[in-house]
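Enquirer: Sharing a structure below in structure tokens format, with a few things to ask.
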Amino acid sequence: MNKKIIAKASCLIMIFSLLFACGDDTIVRDAAYPTQLIYLPAAYTNGQFVIDDITRKRGEQPIEGYLYRYIVDNEANKFSVPLSVYRAGVDNKGSFAVHIKVDNDTIAALNAKGGLSDILHVIPEDKYAIANAVQMGDGAEIAQFSLDIDLDYLLDNYPDKLFALAIHIESPDRKVNPDLSTVIVIIHTKIMKPTADFSVSLDGRKVFFDNKSLMAGNYVWDFGDGYYSDEQSPSHTYEQPGTYKAILTAVGITGNRDRSVQSVEITIY
């Protein structure tokens with residue numbers, strides 16, 4: 063038999079022997095995972111979380127429970143800003159505390175730097191509540207907390223005050239992303255109350271209502287002839303000639319607590 067063929071056959075036998083011998087002897091070792099980092103997702107935009115319109119949704123978020131920019135609770139007299147600490151890393155192992163503190167020196171520095179449309183006013187200590195710490199659970203990637211502000215205080219300073227509070231996180235057990243460790247929550251009080259406004263145009267007996275209201279999310283139209291609508295900018299056809307008083311009620315973030323009403327007389331020929 064050719065020696066080269068015998069040598070190749072021997073090599074193949076050795077390879078198969080090694081493969082079968084190692085079939086159930088795979089060794090699994092713990093990997094050295096990258097260090098976990100914690101941060102404030104709300105600090106993504108230049109370290110500022112600005113609430114200057116009435117849109118409540120924050121947009122598509124990958125974090126469960128992180129849905130609203132703010133929640134208004136008339137009964138408890140609270141304007142709540144939902145916030146959270148997020149954990150990034152290959153795994154979510156370990157439970158630990160995250161300390162929360164207010165650091166308004168950041169606001170003073172921002173005011174001194176300028177570039178804002180108006181000066182930021184620090185929310186007084188007796189007008190807000192926030193937890194001192196939050197617990198990140200083992201296996202969890204998010205720990206939630208909220209900034210609760212006195213609703214009456216914001217309403218009393220409508221419409222031209224910019225209020226702010228700087229929130230900082232730290233933990234003795236995990237590293238904090240230094241770029242996302244502090245967020246300045248900014249609230250423009252112009253959002254607190256609606257302003258009803260509209261104009262009309264006629265095409266025969268059909269009237270088109272152009273809604274120009276500010277800081278309103280819901281609308282009630284009374285066309286003055288027994289018909290109503292909750293559309294934003296409806297149209298309405300009057301069946302009989304005459305003079306009608308069309309009334310728009312604009313409802314803001316506090317619901318019926320702070321409504322705004324405008325009316326216009328319309329003459330139909």
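Under the working numbering, the first residue of the sequence shown carries the number 63, and numbering increases by one thereafter. All residues carry an ideal CB built from backbone N, CA and C; glycine is no exception.
1. Hey, residue 231 and residue 147 are a contact pair by Cβ (cut 8 angstroms); roughly how many whole angstroms apart?
2. Looking at the C-beta of residue 209, does it have a partner C-beta in chain D at a distance below 8 angstroms?
3. In whole angstroms, what is the alpha-carbon distance linking residue 277 and residue 235?
4. Quick one: Cα of residue 206 to Cα of residue 304, how far?
5. Can you give me the C-alpha to C-alpha distance between residue 331 and residue 286, rounded to a whole angstrom?
6. If I'm right that residue 244 touches residue 168 with Cβ under 8 angstroms, what's the distance once you round it to whole angstroms?
7. Could you round the C-beta distance between residue 271 and residue 249 to whole angstroms and report it? I think they count as a contact, below 8 angstroms.
8. Is residue 208 closer than 8 angstroms to residue 159 when the C-beta atoms are compared?
9. Report yes or no: do the region 190-202 and the region 249-260 share at least 3 C-beta pairs separated by less than 8 angstroms?
10. Tell me the rounded alpha-carbon separation between residue 116 and residue 171.
11. Do residue 281 and residue 312 come within 8 angstroms of each other at the CB atom, strictly closer than that value?
12. Provide the residue(s) that pair with residue 227 in DSSP beta bridges, ordered along the chain.
13. What residue from 144, 139 and 138 has the CA that sits closest to residue 132's CA?
14. Alpha carbon to alpha carbon, how far is residue 83 from residue 229?
15. Quick test of your reading: residue 119 and residue 129, contact by CB under 8 angstroms. State the CB separation rounded to the nearest angstrom.
16. According to the Cβ coordinates, are residue 222 and residue 252 closer than 8 angstroms?
17. Tell me where the beta strand (DSSP E) around residue 195 begins and ends.
Expert: So, from the listed chains and residues:
1. Counted from its first residue, the sequence shown places residue 231 at position 169. Counted from its first residue, the sequence shown places residue 147 at position 85. Yes, they are in contact, since the Cβ atoms of residue 231 and residue 147 sit about 6 angstroms apart, within 8 angstroms.
2. Structure shown: chain D not included; a single protein chain is present.
3. Here residue 277 corresponds to residue number 215 of the sequence shown, with the count starting at 1. Here residue 235 corresponds to residue number 173 of the sequence shown, with the count starting at 1. Rounded to whole angstroms, residue 277 to residue 235 spans 43 angstroms at the Cα level.
4. Reading the sequence shown from its first residue, position 144 is the one you call residue 206. Reading the sequence shown from its first residue, position 242 is the one you call residue 304. Looking at the two C-alpha atoms, the distance is approximately 58 angstroms.
5. In the sequence shown, the residue the question calls residue 331 occupies position 269. In the sequence shown, the residue the question calls residue 286 occupies position 224. So the two alpha carbons sit approximately 15 angstroms from each other.
6. Mapped onto the sequence shown, residue 244 falls at position 182. Mapped onto the sequence shown, residue 168 falls at position 106. Confirmed, Cβ separation roughly 6 angstroms.
7. Taking the sequence shown and counting its residues from 1, one reaches residue 271 at position 209. Taking the sequence shown and counting its residues from 1, one reaches residue 249 at position 187. Not a contact, Cβ separation roughly 31 angstroms.
8. For the purposes of this step, residue 159 is identified with residue 97 of the sequence shown, where counting begins at 1. For the purposes of this step, residue 208 is identified with residue 146 of the sequence shown, where counting begins at 1. Against a cut-off of 8 angstroms, the Cβ pair of residue 208 and residue 159 comes out as no contact.
9. Contact fails: fewer than three Cβ-Cβ distances are below 8 angstroms.
10. As a working note, residue 116 is residue 54 in the sequence shown. As a working note, residue 171 is residue 109 in the sequence shown. One C-alpha to the other measures close to 28 angstroms.
11. Position 250 of the sequence shown, counted from the first residue, corresponds to residue 312. Position 219 of the sequence shown, counted from the first residue, corresponds to residue 281. Result yes, Cβ atoms of residue 312 and residue 281 sit closer than 8 angstroms.
12. The count along the sequence shown starts at 1 and reaches residue 227 at position 165. Bridge partners of residue 227: 247.
13. Along the sequence shown, read from residue 1 onward, the residue named residue 132 stands at position 70. When C-alpha distances from residue 132 are compared across 144, 139 and 138, the shortest belongs to 144.
14. Looking up residue 83 in the sequence shown gives position 21. Looking up residue 229 in the sequence shown gives position 167. Because residue 83 carries a pLDDT of 45, less than 50, the predicted location of this residue cannot be relied on, and the following value inherits that uncertainty. Distance between the alpha carbons of residue 83 and residue 229: 59 angstroms.
15. The residue labelled residue 119 in the question sits at position 57 within the sequence shown. The residue labelled residue 129 in the question sits at position 67 within the sequence shown. Their Cβ separation, rounded to whole angstroms, is 7 angstroms, which keeps residue 119 and residue 129 in contact under 8 angstroms.
16. Position 160 of the sequence shown, counted from the first residue, corresponds to residue 222. Position 190 of the sequence shown, counted from the first residue, corresponds to residue 252. Result yes, Cβ atoms of residue 222 and residue 252 sit closer than 8 angstroms.
17. Taking the sequence shown and counting its residues from 1, the one referred to as residue 195 is at position 133. Here the beta strand (DSSP E) through residue 195 covers 195-198.
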